[in-house]
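Heads up, the thing below is written out as structure tokens.
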Amino acid sequence: MLEWLLVPLQYAFMVRGLLAAIVVGIVCAVLGTYVVLRGMAFFGDALAHAILPGVAVAYVVGAGAQGPLFWGALIAGVGTALGIGAISRTGQIREDTAIGVLFAGMFALGVALISTVRNFSVDLTHFLFGNVLGVSPSDLLLIASFGALVLLLVVAFYKEFLVISFDPVLASILRLPAQFFRYLLLVMLAVTIVIALQTVGVALMVAMLVTPAATASLLTRRLPSMMAVAAFIGALSGITGLYLSYYVSVASGAAIVLVSTGFFVLTLFFAPRRGLLWRRARGRRSG
Amino acid sequence: MAVKSWMRKPEAHRPGAPVVELDGVAVSYDGGLPALQDVSLRLERGERVAVVGPNGAGKSTLLKVIAGILTPSTGKVNVYGAVAGGHICIGYVPQRSQVDWSFPVTVSDVVLMGRVARIGLLRQAGREDRRLVAESLAQVGMGSLAARQIGELSGGQQQRVFIARALAQEAELLLMDEPLTGLDIPSQEAIFEILDTLRARGMTVLVSTHDLHLAADRFDRLMLLRRQLIGFGPAAQVLTPANLRLAYGTQMTVIEAPEGVLALSDTCCDGDEEHAHA
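Here the protein sequences line up with chains A and B, keeping their order. Everything in the first sequence is counted per this note's numbering, starting at 303 for the first residue and increasing by one. Everything in the second sequence is counted per this note's numbering, starting at 7 for the first residue and increasing by one.
Shown next as structure tokens:
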């Protein structure tokens with residue numbers, strides 16, 4: 303068993319991939335609790351897709367070099383987050399419609415840009431589904447530092463984020479700069495998506511944000527414990543998924559997401575009190 | 007500290023000013039029919055006032071204008087002599103349907119939220135904050151349920167949590183949106199008991215309700231609203247047949263009997279029949 307675990311670790315790329323998957327799993331899951339509680343799953347999915355043109359421009363300009371990709375994605379992500387935040391305030395069209403229009407348009411622009419480059423099908427696959435085993439030492443450093451920054455902000459503004467999420471009216475009465483915190487949360491979400499880009503890619507991003515947090519919501523009743531459980535599930539999914547991809551040779555991003563989906567389904571059925579089986583049993587007893 | 011001054015300072019209170027003063031207030035949403043029109047009124051310190059009127063009469067809108075969440079399109083709103091929207095001394099108890107009861111917070115988490123502005127940015131709740139939370143919960147008789155998730159409470163207990171939050175906030179004016187709707191009689195009584203102790207401490211309380219009977223019986227004054235202020239004063243003066251017909255139109259049958267006025271209405275959200283004697 304131990305050997306089974308240690309064998310993949312002789313490869314440096316595997317170790318870096320594991321570290322990246324753990325960090326990304328934790329950060330996505332912690333921020334994902336707000337995505338779940340504030341009903342922003344569609345927003346998160348859209349934001350992930352909308353960073354593609356930024357990545358594409360950096361990719362075309364940088365002639366395929368990895369370095370600029372991160373920053374291109376970051377600029378596009380933060381820009382889109384602020385843009386959607388502003389559009390949803392005008393109230394001209396419904397927010398989800400506005401997001402839908404923007405997200406598909408941006409995504410198409412990204413695909414179009416990447417398609418101008420010669421071997422685009424390989425690279426497009428990496429953007430769409432991730433390439434966690436291609437994480438370089440400098441990528442890992444960026445992932446770790448920006449991930450730490452997001453977690454630091456979550457802790458520093460914990461009580462403010464809690465109030466604007468639970469009771470915007472109270473936030474308004476207490477003179478909290480609610481608008482500022484709303485935008486800050488969107489920017490943090492964009493940063494999180496960018497650091498997760500290499501791990502799972504654009505297409506499966508929303509699962510990293512939503513699934514561990516949704517699982518944790520079935521198991522906990524306070525936000526700090528929900529965050530901790532979600533982080534644990536996120537990290538565990540990352541590790542398990544990578545080993546699975548090593549031994550069964552399935553795509554790593556898909557493996558990670560499948561594992562975390564598995565945790566969710568198990569929890570949905572077997573969670574104490576709130577699981578489906580538990581409810582069923584209780585329903586039978588009382589009925 | 008730079009971060010603190012960046013947050014807007016709460017408005018100062020002018021001594022001797024009425025708690026709430028509205029002058030010619032109108033509110034309209036997106037160019038539609040006005041939700042409120044030409045409302046002028048004053049609330050005095052320590053009084054308990056009911057806001058009544060049919061659905062869509064603007065009861066919630068009025069509370070939000072006083073809370074400073076909604077800016078009126080015309081007119082002036084003053085709280086303690088200073089413009090509304092800068093007071094952190096206003097406690098707000100939302101309609102129960104407006105709260106996400108599955109949110110992962112406990113009773114004491116919710117009450118602690120009332121302290122957030124006073125704790126300040128980048129600071130943690132201190133011993134004084136925790137003491138106030140415990141004390142506020144004890145005052146509404148919820149001390150033993152502090153660790154419960156809010157969805158596990160009864161309707162009356164849920165209302166009391168939000169009252170406790172206003173206490174922890176050190177509110178001087180309490181606005182309650184339909185707190186009595188859907189509660190059984192003992193739960194309503196428990197809320198009135200708490201409101202009695204608040205009155206003794208000089209807290210001003212404004213409650214919107216559908217229940218004309220409770221409004222007439224348990225409040226110092228009542229406000230009859232249908233976009234405009236139809237009447238404001240003691241129940242006997244406000245709940246006249248003419249005023250009731252004006253407010254409720256065909257939604258209510260008003261019968262004048264020798265021993266008083268009987269008003270039958272079916273406008274309440276839960277379809278209950280209500281009656282009030284005036």
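Glycine is no exception: its CB is placed at the ideal position from the N, C-alpha and C atoms.
What residues of chain A sit near residue i, judged by a beta carbon separation below 9 Å?
{"i": "I96/B", "result": "I475"}
Using a cut-off of 9 Å between C-beta atoms, extract the partners of residue i located in chain B.
{"i": "R484/A", "result": "None at all; the shortest Cβ gap to chain B is about 15 Å."}
{"i": "E462/A", "result": "V122, L127"}
Give me the chain B residues within the contact set of residue i, using Cβ-Cβ distance strictly less than 8 Å, ordered along the chain.
{"i": "R524/A", "result": "P110, V111, T112, D115, Q155"}
{"i": "M528/A", "result": "P110"}
Return yes when the Cβ of residue j is within less than 8 Å of the Cβ of residue i, no when it is not.
{"i": "G87/B", "j": "R20/B", "result": "yes"}
{"i": "V260/B", "j": "R251/B", "result": "yes"}
{"i": "G64/B", "j": "A41/B", "result": "yes"}
{"i": "L47/B", "j": "L76/B", "result": "no"}
{"i": "L270/B", "j": "D183/B", "result": "no"}
{"i": "R54/B", "j": "V25/B", "result": "no"}
{"i": "G346/A", "j": "V337/A", "result": "yes"}
{"i": "T501/A", "j": "G432/A", "result": "yes"}
{"i": "T563/A", "j": "T513/A", "result": "yes"}
{"i": "A352/A", "j": "T382/A", "result": "yes"}
{"i": "P310/A", "j": "M303/A", "result": "no"}
{"i": "P100/B", "j": "V33/B", "result": "no"}
{"i": "A557/A", "j": "L506/A", "result": "no"}
{"i": "V567/A", "j": "L546/A", "result": "no"}
{"i": "L472/A", "j": "M119/B", "result": "yes"}
{"i": "A248/B", "j": "R232/B", "result": "no"}
{"i": "L525/A", "j": "L464/A", "result": "yes"}
{"i": "V146/B", "j": "R121/B", "result": "no"}
{"i": "A537/A", "j": "I324/A", "result": "yes"}
{"i": "S108/B", "j": "G59/B", "result": "no"}
{"i": "A285/A", "j": "P470/A", "result": "The structure shown does not extend to residue 285/A, since chain A is modelled only from 303 to 589, so the question has no answer here."}
{"i": "L504/A", "j": "A350/A", "result": "For the record, residue 504/A in the displayed sequence is Val; it is not Leu. Cβ distance < 8 Å, so V504/A and A350/A count as in contact."}
{"i": "D153/B", "j": "S193/B", "result": "Checking the sequence, you will find Ala at residue 153/B rather than Asp. Taking 8 Å as the Cβ cut-off, A153/B and S193/B do not qualify as a contacting pair."}
According to DSSP, simplified to helix, strand and coil, what is residue i?
{"i": "A573/A", "result": "coil"}
{"i": "G432/A", "result": "coil"}
{"i": "P225/B", "result": "For clarity, residue 225/B is Phe in the given sequence; the question names Pro instead. Coil."}
{"i": "A263/B", "result": "strand"}
{"i": "D276/B", "result": "Low confidence applies to D276/B: its pLDDT is 41, below 50, so where it sits in the model is not reliable enough to give any reading."}
{"i": "V211/B", "result": "strand"}
{"i": "A18/B", "result": "coil"}
{"i": "A269/B", "result": "strand"}
{"i": "Q481/A", "result": "helix"}
{"i": "I395/A", "result": "coil"}
{"i": "R582/A", "result": "helix"}
{"i": "R232/B", "result": "strand"}
{"i": "M258/B", "result": "strand"}
{"i": "A282/B", "result": "Residue confidence is low: A282/B scores 41 on pLDDT, short of 50, so the model does not pin down where it sits. No coordinate-derived value is stated."}
List the residues of chain A whose Cβ lies closer than 8 Å to the Cβ of residue i, in chain order.
{"i": "A123/B", "result": "L476, R477, L478"}
{"i": "G74/B", "result": "S474, I475"}
{"i": "M119/B", "result": "K461, L464, V465, F468, D469, L472"}
So with CB distances below 7 Å, who are the chain A contacts of residue i?
{"i": "L128/B", "result": "A458"}
Output, in chain order, the set of chain B residues within a Cβ distance shorter than 7 Å of residue i.
{"i": "L339/A", "result": "F109"}
{"i": "V471/A", "result": "I75, Y98, P100"}
{"i": "S519/A", "result": "P110"}
To the nearest whole angstrom, what separates the beta carbons of residue i and residue j, a pair I think is in contact under 8 Å?
{"i": "L181/B", "j": "Y98/B", "result": "5 Å"}
{"i": "T80/B", "j": "G30/B", "result": "6 Å"}
{"i": "A509/A", "j": "A532/A", "result": "Not quite, the Cβ-Cβ distance comes to about 13 Å (not below 8 Å), so this is no contact."}
{"i": "V403/A", "j": "L354/A", "result": "With a Cβ gap of about 15 Å, V403/A and L354/A do not count as contacting."}
{"i": "L186/B", "j": "I96/B", "result": "20 Å between Cβ atoms; not a contact."}
{"i": "V437/A", "j": "A322/A", "result": "5 Å"}
{"i": "I466/A", "j": "L478/A", "result": "7 Å"}
{"i": "I72/B", "j": "V85/B", "result": "7 Å"}
Between residue i and chain E, is any beta-carbon pair separated by less than 8 Å?
{"i": "I197/B", "result": "Among the chains of the structure shown, chain E does not appear; the protein chains present are A and B."}
Every unbroken alpha helix (DSSP H) inside the stretch 312-367 of chain A [4 residues or more] | 314-339, 343-352, 354-363
Counting only runs of 3+ residues fully inside the stretch 20-85 of chain B, write out the beta strand (DSSP E) ranges in chain order.
-> 26-34, 40-49, 54-58, 80-85
Go through the stretch 136-206 of chain B residue by residue and report every complete run of the alpha helix (DSSP H) that reaches 4 residues or more, in order.
-> 161-174, 191-206
Which parts of the stretch 77-134 of chain B are runs of the alpha helix (DSSP H), unbroken and 4 residues or longer, counting only runs that do not cross its ends?
-> 113-119, 122-125
Start-end ranges of the beta strand (DSSP E) lying completely within the stretch 493-548 of chain A, minimum 3 residues = none
Contained alpha helix (DSSP H) runs [length at least 4] in the stretch 452-478 of chain A, N- to C-terminal order = 460-468, 470-475
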